[in-house]
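Engineer: Sharing a structure with you now.
There are 2 protein chains.
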Amino acid sequence: MIDSQGIAPVDIAAAQRARLRIDALTKPPGSLGRIESLAVQLAAICGHIPARPYTSKAVVVGAADHGVAVEGVSAYPREVTSQMVEAFLAGHAAVNAFARVVSADVYVADFGVIDPPLPRKGLLGVSVRGGTRNLAREAALTSAEVGSALSAGARVFQTIIEFKDYDVIALGDMGIANSTSAAAMVAAFCGATPECVVGRGTGIDDPTLRLKTEIVRQALQRVEAGDWRSVAREVGGLEIVGLAGTILAAARHHLPVILDGFIVSAAALLASEISRNVPGYCIAAHLSTEPGHRIALESLKLSPLLSLDMRLGEATGAVLALPLVEAATRMISEMKSFDEAGVSSRSI
Amino acid sequence: MIDSQGIAPVDIAAAQRARLRIDALTKPPGSLGRIESLAVQLAAICGHIPARPYTSKAVVVGAADHGVAVEGVSAYPREVTSQMVEAFLAGHAAVNAFARVVSADVYVADFGVIDPPLPRKGLLGVSVRGGTRNLAREAALTSAEVGSALSAGARVFQTIIEFKDYDVIALGDMGIANSTSAAAMVAAFCGATPECVVGRGTGIDDPTLRLKTEIVRQALQRVEAGDWRSVAREVGGLEIVGLAGTILAAARHHLPVILDGFIVSAAALLASEISRNVPGYCIAAHLSTEPGHRIALESLKLSPLLSLDMRLGEATGAVLALPLVEAATRMISEMKSFDEAGVSSRSI
Numbered sequence: 001m002i003d004s005q006g007i008a009p010v011d012i013a014a015a016q017r018a019r020l021r022i023d024a025l026t027k028p029p030g031s032l033g034r035i036e037s038l039a040v041q042l043a044a045i046c047g048h049i050p051a052r053p054y055t056s057k058a059v060v061v062g063a064a065d066h067g068v069a070v071e072g073v074s075a076y077p078r079e080v081t082s083q084m085v086e087a088f089l090a091g092h093a094a095v096n097a098f099a100r101v102v103s104a105d106v107y108v109a110d111f112g113v114i115d116p117p118l119p120r121k122g123l124l125g126v127s128v129r130g131g132t133r134n135l136a137r138e139a140a141l142t143s144a145e146v147g148s149a150l151s152a153g154a155r156v157f158q159t160i161i162e163f164k165d166y167d168v169i170a171l172g173d174m175g176i177a178n179s180t181s182a183a184a185m186v187a188a189f190c191g192a193t194p195e196c197v198v199g200r201g202t203g204i205d206d207p208t209l210r211l212k213t214e215i216v217r218q219a220l221q222r223v224e225a226g227d228w229r230s231v232a233r234e235v236g237g238l239e240i241v242g243l244a245g246t247i248l249a250a251a252r253h254h255l256p257v258i259l260d261g262f263i264v265s266a267a268a269l270l271a272s273e274i275s276r277n278v279p280g281y282c283i284a285a286h287l288s289t290e291p292g293h294r295i296a297l298e299s300l301k302l303s304p305l306l307s308l309d310m311r312l313g314e315a316t317g318a319v320l321a322l323p324l325v326e327a328a329t330r331m332i333s334e335m336k337s338f339d340e341a342g343v344s345s346r347s348i
Numbered sequence: 001m002i003d004s005q006g007i008a009p010v011d012i013a014a015a016q017r018a019r020l021r022i023d024a025l026t027k028p029p030g031s032l033g034r035i036e037s038l039a040v041q042l043a044a045i046c047g048h049i050p051a052r053p054y055t056s057k058a059v060v061v062g063a064a065d066h067g068v069a070v071e072g073v074s075a076y077p078r079e080v081t082s083q084m085v086e087a088f089l090a091g092h093a094a095v096n097a098f099a100r101v102v103s104a105d106v107y108v109a110d111f112g113v114i115d116p117p118l119p120r121k122g123l124l125g126v127s128v129r130g131g132t133r134n135l136a137r138e139a140a141l142t143s144a145e146v147g148s149a150l151s152a153g154a155r156v157f158q159t160i161i162e163f164k165d166y167d168v169i170a171l172g173d174m175g176i177a178n179s180t181s182a183a184a185m186v187a188a189f190c191g192a193t194p195e196c197v198v199g200r201g202t203g204i205d206d207p208t209l210r211l212k213t214e215i216v217r218q219a220l221q222r223v224e225a226g227d228w229r230s231v232a233r234e235v236g237g238l239e240i241v242g243l244a245g246t247i248l249a250a251a252r253h254h255l256p257v258i259l260d261g262f263i264v265s266a267a268a269l270l271a272s273e274i275s276r277n278v279p280g281y282c283i284a285a286h287l288s289t290e291p292g293h294r295i296a297l298e299s300l301k302l303s304p305l306l307s308l309d310m311r312l313g314e315a316t317g318a319v320l321a322l323p324l325v326e327a328a329t330r331m332i333s334e335m336k337s338f339d340e341a342g343v344s345s346r347s348i
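So the protein sequences, as listed, match chains P and L. The first sequence stops at residue 348 when you use this note's numbering, and every number in between is there. The second sequence stops at residue 348 when you use this note's numbering, and every number in between is there.
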């Protein structure tokens, strides 16, 4: 049952018990739709019917730089990665604003920012190296660096869960040019063409889109299909591999993981290549406008909760799904059944 | 500009100022999608860029009984209306569980429950009469009762806004058989056939669905097309007309109204027949699985924020949209611009 990564399949019996309880609550069966299926999944993840609301929420933004940024594949200069990390730590960015809606704690995991931030509250310094190599020209990472990034991601999880007993963890990303790396990873894992997975990221123009697509196509020629180590090494990003490590650790710990957009879906694909039990622990927060995101989610067999035409990253989409997770746990732990509430059940 | 109902069009100039501010924030332009357009609409509604997050939230569940319940058009017996009102006031129902996620205050407005609840905290007693007449056989309401229900809805708004300075109000419904009334109203206002707007409500079987459709078809023969008074009188529900009054009052007060599902959309259609400026103040929380809901929203030119396969009512969908409203106001009031944050803007 438990695989070589120490990850068990999610608990089907707990899911069935949750379904029975939900169907007894004071509402027509099925009438809360996705909130009901979310509660069932949460029961499967933790192995029992949640007995209290999930109010303790962590957000981890994995950050790193990308050597491929020198090719001009992003609408923003490379230094924006570290500038935005500063903004996250100062609480000025979109993810901070959204996290305050649900009182979630925001952490930044520095998996490899070139200009590293100074140690301070909320920063998890687990840098493997200052950015990847340029995947347009060579392998982005060595095998040792891939292993280090996975370990760094696990360490991030251990650190925050020892700090506080979180109920749920939302993952996001920051890294100028990381949608180039993610596109190559998604193409390799899902067998999709570069044209299908390469998008406009932060908002590039047509010539840059063609350049980015061509870079992904070239880089994929070096990738051994079906070998996750080769994918991570040749076209991986430090924050993407790092977040895969965090996902694996969360699954091992039976904690639900809320996936943000396209970049985090690449991390989830990598994690699920390493352990087939991973997708059961993952909840897709939203469907981004980045075209490869749908392909990645279909491959993971995950259906997004939200579709708000967002494409920022930073975990902004994941954070907006946290109220739905709390709502699902409040439904199952706080609502009364027809019997308990003295309400008449169906007459026909 | 201000119409005979005392309702002004939403403020386009404020919307434009909000758009400029949003485009200067530290994120690629447009990358927060629907959250950005929501913030723009909120600025248009209140007439300025929201300067602080909308954290003060009211939920009003309009409740009433329906004479047509005797025809057996619902899967639940009539007494469930008052039983669920008790559950709302005790805090045991789905809307209460969801409201606790965002610390929203839940009110129940009794517009016409046959077994009225005893006065207590959270109950707004504005009953016009104990349920409507059976719309399958006669006019559901008199003209005077329609007027009283509209006034009752306005009184509900005044009461809660005097109690607390709410930033936003979410509206929902409770009333066994009210989807029959709502279907007839939506058909009349949108020019749709009964088959297109009549759905399974709480979960009726095929014969009941046919009966319900036939009842709606028959009742519509008494309705004068294009006359909202005739629609409300012949096929209206007390909570639906009442909620229309609440919507009109909120629009008059420049407060955003979050619409729940199908039943509340019928109230919004009625309110927008009374004042064409109403839809600008309305935010469609979600798309219900009830087939007529899409038709109503299209007629109102509103695009739902969520699509979670829900069909419960009680304001459960509206409440789940409240975190998005708060997120939009936090984005525009708390995020820094590129200049303010010292982040490099676009290089291409």
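Think of the CB as a built atom: it goes at the ideal place given N, C-alpha and C, for glycine as much as any other residue. Note that the structure is a prediction, hence the values are computed from the model and not measured.
Under a CB-based cut-off of 8 Å, is P/Arg21 close to chain L?
Structural biologist: The count along the first sequence starts at 1 and reaches residue 21 of chain P at position 21. No, no contact with chain L.
Engineer: Below 8 Å on the Cβ atoms is my guess for P/Phe82 versus P/Pro117; work out the distance and round it to an integer in Å.
Structural biologist: As a working note, residue 82 of chain P is residue 82 in the first sequence. As a working note, residue 117 of chain P is residue 117 in the first sequence. Residue identity differs from the one stated: residue 82 of chain P is Ser in this sequence, not Phe. The Cβ separation is near 7 Å, so the contact holds.
Engineer: Whose C-beta lies closer than 8 Å to the C-beta of L/Val102 among residues of the same chain, with five residues either side of it excluded?
Structural biologist: Within the second sequence, numbered from 1, the residue matching residue 102 of chain L stands at position 102. Taken in chain order, the residues that qualify are Lys57, Val319, Leu322, Pro323, Glu326.
Engineer: Which residues in chain P sit within 8 Å of L/Ala43, going by Cβ to Cβ distance?
Structural biologist: Here residue 43 of chain L refers to the residue found at position 43 when the second sequence is read from its first residue. Taking a Cβ-Cβ cut-off of 8 Å, L/Ala43 has no neighbours in chain P, whose nearest Cβ is about 16 Å from it.
Engineer: Are the beta-carbon atoms of L/Leu124 and L/Val264 separated by less than 8 Å?
Structural biologist: Taking the first residue of the second sequence as 1, we reach residue 124 of chain L at position 124. Taking the first residue of the second sequence as 1, we reach residue 264 of chain L at position 264. The answer is no: Cβ separation not under 8 Å.
Engineer: Let me see if you follow: with CB-CB separation under 8 Å, is L/Gly175 close to chain P or not?
Structural biologist: On the second sequence, position 175 is the one that residue 175 of chain L refers to. It does not; no Cβ of chain P falls within 8 Å.
Engineer: What distance in whole Å lies between the Cβ atoms of L/Trp228 and L/Leu259, which are believed to be in contact at a cut-off of 8 Å?
Structural biologist: As a working mapping, residue 259 of chain L is identified with position 259 in the second sequence. As a working mapping, residue 228 of chain L is identified with position 228 in the second sequence. With a Cβ gap of about 18 Å, L/Leu259 and L/Trp228 do not count as contacting.
Engineer: Quick check on the burial criterion: 16 or more other C-beta atoms within 10 angstroms. Buried or exposed for L/Ser143?
Structural biologist: Here the question's residue 143 of chain L lines up with position 143 in the second sequence. The residue in question, L/Ser143, is exposed, as its Cβ has fewer than 16 Cβ neighbours within 10 Å.
Engineer: Do the region 328 to 343 of chain L and the region 35 to 52 of chain L make contact, defined as three or more Cβ pairs closer than 8 Å?
Structural biologist: yes
Engineer: Grouping DSSP H, G and I as helix and E and B as strand, with all else coil, what is L/Ser31?
Structural biologist: Position 31 of the second sequence, counted from the first residue, corresponds to residue 31 of chain L. Of the three classes helix, strand and coil, the one that applies to L/Ser31 here is coil, per DSSP.
Engineer: Near P/Val128, what residues of its chain come up, given a Cβ to Cβ distance below 7 Å and the 5 sequence neighbours on each side ignored?
Structural biologist: The sequence position of residue 128 of chain P within the first sequence is 128, counting from 1. Phe111, Gly112, Glu145, Ser148, Ala149, Ala152, Leu238.
Engineer: If you follow the alpha helix (DSSP H) that P/Leu269 is in, where does it begin and where does it stop?
Structural biologist: Translated into the one-based positions of the first sequence, residue 269 of chain P becomes position 269. 262 to 274 is the extent of the alpha helix (DSSP H) around P/Leu269.
Engineer: With respect to the alpha helix (DSSP H) encompassing L/Leu320, which residues constitute its N-terminal and C-terminal limits?
Structural biologist: Here residue 320 of chain L refers to the residue found at position 320 when the second sequence is read from its first residue. Here the alpha helix (DSSP H) through L/Leu320 covers 316 to 334.
Engineer: So that I know if they touch, is there some Cβ in chain L lying closer than 8 Å to that of P/Tyr76?
Structural biologist: Start at 1 with the first residue of the first sequence, and residue 76 of chain P comes out as number 76. Chain L contact via Cβ: present.
Engineer: I need the straight-line Cα distance from L/His293 to L/Ser303, nearest angstrom please.
Structural biologist: If you number the second sequence from 1, residue 293 of chain L lands on position 293. If you number the second sequence from 1, residue 303 of chain L lands on position 303. Rounded to whole angstroms, L/His293 to L/Ser303 spans 11 Å at the Cα level.
Engineer: Find out if the Cβ-Cβ distance for the pair P/Ile22, P/Glu36 is shorter than 8 Å.
Structural biologist: As a working mapping, residue 22 of chain P is identified with position 22 in the first sequence. As a working mapping, residue 36 of chain P is identified with position 36 in the first sequence. The answer is yes: Cβ separation under 8 Å.
Engineer: Identify, in the order they occur along the chain, each residue of the same chain with its Cβ nearer than 7 Å to the Cβ of L/Ser272, setting aside the five sequence neighbours on each side.
Structural biologist: The residue labelled residue 272 of chain L in the question sits at position 272 within the second sequence. If we look at L/Ser272 and ignore the five residues flanking it on each side, its Cβ neighbours are Val278, Pro279, Leu300.
Engineer: Strictly below 7 Å CB to CB, what residues from chain L border P/Glu138?
Structural biologist: The residue you call residue 138 of chain P lines up with position 138 of the first sequence. Within chain L, no residue comes near P/Glu138; the closest Cβ sits about 24 Å away, beyond 7 Å.
Engineer: According to DSSP, is P/Lys407 part of a helix, a strand, or is it coil?
Structural biologist: Any property of residue 407 of chain P remains undetermined from this structure, which presents chain P solely from 1 to 348.
Engineer: Are the CB atoms of P/Met185 and P/Ala266 nearer to each other than 8 Å?
Structural biologist: Taking the first residue of the first sequence as position 1, residue 185 of chain P is located at position 185. Taking the first residue of the first sequence as position 1, residue 266 of chain P is located at position 266. For P/Met185 and P/Ala266, yes; Cβs fall inside 8 Å.
Engineer: Suppose you measure from the CA of P/Ser275 to the CA of P/Tyr281; what does that come to, to the nearest Å?
Structural biologist: For the purposes of this step, residue 275 of chain P is identified with residue 275 of the first sequence, where counting begins at 1. For the purposes of this step, residue 281 of chain P is identified with residue 281 of the first sequence, where counting begins at 1. Near 11 Å, if we compare the C-alpha coordinates of P/Tyr281 and P/Ser275.
Engineer: Let me check one thing: in DSSP terms, what residues is P/Ser409 bridge-paired to?
Structural biologist: With chain P covering only 1 through 348, there is no way to say anything about residue 409 of chain P.
Engineer: Determine contact between the region 211 to 231 of chain L and the region 246 to 254 of chain L, defined as no fewer than three beta-carbon pairs at a distance below 8 Å.
Structural biologist: no
Engineer: At the level of alpha carbons, what is the spacing between P/Gly236 and P/Arg200?
Structural biologist: On the first sequence, residue 236 of chain P is found 236 positions in, with the first residue counted as 1. On the first sequence, residue 200 of chain P is found 200 positions in, with the first residue counted as 1. Cα-Cα distance, rounded: 19 Å.
Engineer: Pairing CB atoms from the region 156 to 164 of chain P with CB atoms from the region 182 to 197 of chain P, are three or more of them under 8 Å?
Structural biologist: Contact between the region 156 to 164 of chain P and the region 182 to 197 of chain P is absent: fewer than three C-beta pairs spanning the two stretches fall below 8 Å.
Engineer: List, in order along the chain, the chain P residues whose C-beta lies closer than 7 Å to that of L/Arg120?
Structural biologist: Walking along the second sequence from the start, residue 120 of chain L turns up at place 120. By Cβ distance, chain P contributes nothing, its closest Cβ being about 16 Å from L/Arg120, past 7 Å.
Engineer: According to DSSP, is L/Ala225 helix, strand or coil?
Structural biologist: Position 225 of the second sequence holds residue 225 of chain L. Looking at L/Ala225 - three-state DSSP - the assignment turns out to be coil, as it is neither helix nor strand.
Engineer: Name the residues in the region 294 to 311 of chain P whose C-beta lies less than 8 Å from a C-beta of chain L; which are they?
Structural biologist: The region 294 to 311 of chain P vs chain L, Cβ under 8 Å: Leu305, Leu306, Ser307, Leu308, Asp309, Met310, Arg311.
Engineer: Any contact between the region 333 to 342 of chain P and the region 3 to 23 of chain L? By contact I mean 3 or more CB pairs, one from each, below 8 Å.
Structural biologist: Under the three-pair Cβ rule at 8 Å, the region 333 to 342 of chain P does not count as touching the region 3 to 23 of chain L.
Engineer: Against chain L, does P/Glu326 count as a neighbour if the rule is that its beta carbon must be under 8 Å from one of theirs?
Structural biologist: Counting from one through the first sequence, the residue named residue 326 of chain P turns up at place 326. Chain L contact via Cβ: present.
Engineer: Which of helix, strand or coil does DSSP assign to L/Gly125?
Structural biologist: The sequence position of residue 125 of chain L within the second sequence is 125, counting from 1. Of the three classes helix, strand and coil, the one that applies to L/Gly125 here is strand, per DSSP.
Engineer: With 8 Å as the limit, tell me which residues of the region 24 to 36 of chain P have their beta carbon closer than that to any beta carbon of chain L; keep them in chain order.
Structural biologist: Leu25, Thr26, Lys27, Pro28, Pro29, Gly30, Ser31, Leu32, Gly33, Arg34, Ile35
Engineer: Helix, strand or coil: which one does DSSP assign to L/Ala140?
Structural biologist: Residue 140 of chain L sits at position 140 when you count from the first residue of the second sequence. Note: L/Ala140 maps to coil in three-state DSSP.
Engineer: By the criterion of Cβ-Cβ separation under 8 Å, what are the contact partners of L/Glu273 in chain P?
Structural biologist: Numbered from its first residue, the second sequence carries residue 273 of chain L at position 273. Per Cβ cutoff of 8 Å: no residues; L/Glu273 is ~29 Å from chain P at best.
Engineer: Counting only beta-carbon atoms, is L/Thr246 nearer than 8 Å to chain P?
Structural biologist: The count along the second sequence starts at 1 and reaches residue 246 of chain L at position 246. By this cut-off, L/Thr246 is not an interface position.
Engineer: Listing by chain order, which chain P residues have their CB less than 7 Å from the CB of L/Glu334?
Structural biologist: As a first step, residue 334 of chain L is located in the second sequence; it is residue number 334 there, counting from the start. By Cβ distance, chain P contributes Ala97.
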